[in-house]
Amino acid sequence: MTESFGEWFSVHQGTIVYCVLLLGIGLPLLRFVGYLIRRGLRKKTSEQSIMLLSKGVVYLGSTIVVLMVLQKAGVQLGTLLGAAGIAGVAIGFASQTSLSNLISGLFLIWERPFAVGDVLHVGTDHGTVFSIDLLSVQLRTFNNQLIRIPNETLIKGSFTNVTRFPIRRMDIPIGVAYKEDIEKVIRILKEVANANPLCLDEPEPIVVFKGFGDSALEFLFGPWFAKADYVNLRNSLLMEVKKRFDAEGIEIPFPHRTLYAGEATKPFPVHVVPAPSESPAQPSS
1 MTESFGEWFS VHQGTIVYCV LLLGIGLPLL RFVGYLIRRG LRKKTSEQSI MLLSKGVVYL
61 GSTIVVLMVL QKAGVQLGTL LGAAGIAGVA IGFASQTSLS NLISGLFLIW ERPFAVGDVL
121 HVGTDHGTVF SIDLLSVQLR TFNNQLIRIP NETLIKGSFT NVTRFPIRRM DIPIGVAYKE
181 DIEKVIRILK EVANANPLCL DEPEPIVVFK GFGDSALEFL FGPWFAKADY VNLRNSLLME
241 VKKRFDAEGI EIPFPHRTLY AGEATKPFPV HVVPAPSESP AQPSS
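Residue numbers (UniProt numbering): 1 to 285.
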């Protein structure tokens, strides 16, 4: 058996070396080409286009390399491709969802409603766009978990791109006690926003008196800020509002209910009346 293997190896030695070199050099070279594409186009086009182009080059090149290896090894590519076509038709009927995701991915690439690095709200899922592929979009949550969302879900449903524009408005609901002066509360909130270096001067922060709540006068406090400052601004604003309200003696109420006790119902007399007795029946004559 060893002699037969040695004879087979000596006969096909050139083919084996060719295939090993082609796989060993071709596949790493394709990865390097993908890296050059990502680096060269980083400042010229969107991140998702770069990612899809680099992956497309790597996948297409890898397919060509594998086909060259199979052809050199003596595999009949015509028969192989014919069988692959029949199998592809059968798989296609069984994978309509994947085809729908693929088409949806093409629409997302053409429409470009978000890019890698944007923050999306998709239903109950929230996170930063980590990867955009032809079949799905991957989000990295704020506690560092990965969420995979099929492209079909994004096309058929609605989502919110929180960081689409360079600036945002932070809407903070605030309630104060009914005894407080409305104009004073509005003035203090504007002063807090103007004193915070993370709040933008233009557009100006808004303070809206929304109405009368169950337990408080309700306000909407909405300063504008650069999208990268969300966490720092929210923490600093809430702490500063609490400090100013405490210093100015403004009460932040908690939900409460007022119960009114009515007059107790007086007892009323009850008389038991005996039922009338039945008269005895008269004897018949």
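Virtual Cβ for every residue (Gly too), placed ideally from N, Cα, C. Source: prediction; values computed, not measured.
Pick out whichever of Gly117, Arg169 and Val185 has its Cα sitting closest to the Cα of Gly175. Counting from 1 along the sequence shown, the entry for residue 175 is found at position 175. Nearest to Gly175 by C-alpha distance, out of Gly117, Arg169 and Val185, is Val185.
Coil, strand or helix - Leu120 by DSSP: Counting from 1 along the sequence shown, the entry for residue 120 is found at position 120. Leu120: strand per DSSP, three-state reduction.
In the DSSP output, which residue or residues are listed as bridge partners for His126? Position 126 of the sequence shown, counted from the first residue, corresponds to residue 126. Answer is His121, bridged to His126.
Does DSSP put Ala193 in a helix, in a strand, or in coil? Translated into positions along the sequence shown, residue 193 becomes position 193. Reduced to three states, the DSSP call for Ala193 is helix.
Any idea what DSSP makes of residue 308, helix, strand or coil? Here the chain has residues from 1 to 285 only, and residue 308 is not among them.
Using 8 Å as the Cβ pair cut-off and three pairs as the minimum, do the stretch 202 to 210 and the stretch 240 to 255 touch? The stretch 202 to 210, when compared against the stretch 240 to 255, does not touch it at the 8 Å Cβ threshold.
Could you work out which residue in Leu27, Arg112, Leu67 and Gln71 is closest to Ile50 when comparing CA atoms only? In the sequence shown, counting from the first residue as 1, residue 50 sits at position 50. Comparing Cα-Cα distances from Ile50 to each of Leu27, Arg112, Leu67 and Gln71, the minimum goes to Arg112.
Closest to Cys19 by CA distance: which of Ala73, Leu108 and Arg164 is it? The residue labelled residue 19 in the question sits at position 19 within the sequence shown. Among Ala73, Leu108 and Arg164, the Cα nearest to that of Cys19 belongs to Ala73.
Spatial neighbours of Pro269 within its chain, please: C-beta separation below 7 Å, excluding the five flanking residues on both sides. The residue given as residue 269 occupies position 269 in the sequence shown. Cβ neighbours of Pro269 beyond the five flanking positions: none.
Name the two residues that bound the continuous alpha helix (DSSP H) containing Lys242. In the sequence shown, counting from the first residue as 1, residue 242 sits at position 242. Start and end: Tyr230 to Glu248.
Would you grab the beta carbon distance between Leu60 and Ile37 for me? Rounded to a whole angstrom, and I think it's under 8 Å. Here the question's residue 60 lines up with position 60 in the sequence shown. Here the question's residue 37 lines up with position 37 in the sequence shown. Between Ile37 and Leu60 the Cβ distance is about 12 Å, and since that is not below 8 Å, they are no contact.
Just list the residues that DSSP pairs Asn161 with in beta bridges. Within the sequence shown, numbered from 1, the residue matching residue 161 stands at position 161. Asn161 pairs with Leu120.
Cβ neighbours of Glu218 in the same chain (closer than 8 Å, five flanking residues each side left out): Residue 218 sits at position 218 when you count from the first residue of the sequence shown. Pro173, Ile174, Gly175, Phe209, Lys210, Gly211 and Phe212.
Going by DSSP, what residues sit across from Ala226 in a beta bridge? The sequence position of residue 226 within the sequence shown is 226, counting from 1. Ala226 pairs with Ile167.
So Leu146 is in the alpha helix (DSSP H); what residue range does that whole segment cover? Numbered from 1 along the sequence shown, position 146 holds the residue referred to as residue 146. That residue, Leu146, is in no alpha helix (DSSP H); its beta strand (DSSP E) goes Leu146 to Pro150.
CB of Leu198 within 7 Å of CB of Leu146, strictly: Residue 198 sits at position 198 when you count from the first residue of the sequence shown. Residue 146 sits at position 146 when you count from the first residue of the sequence shown. No; because the gap between Cβ atoms is not below 7 Å, this pair is not in contact.
Coil, strand or helix - Glu218 by DSSP: Here residue 218 is taken as the residue at index 218 of the sequence shown, counted from 1. Note: Glu218 maps to strand in three-state DSSP.
Cα separation between Asn144 and Ser131? In the sequence shown, residue 144 corresponds to position 144, counting from 1. In the sequence shown, residue 131 corresponds to position 131, counting from 1. Taking the straight line joining both Cα atoms gives about 14 Å.
For Val273, does the count of other Cβ atoms within 10 angstroms reach 16, so buried, or fall short, so exposed? Within the sequence shown, numbered from 1, the residue matching residue 273 stands at position 273. By the 10 Å Cβ count, Val273 comes out exposed.
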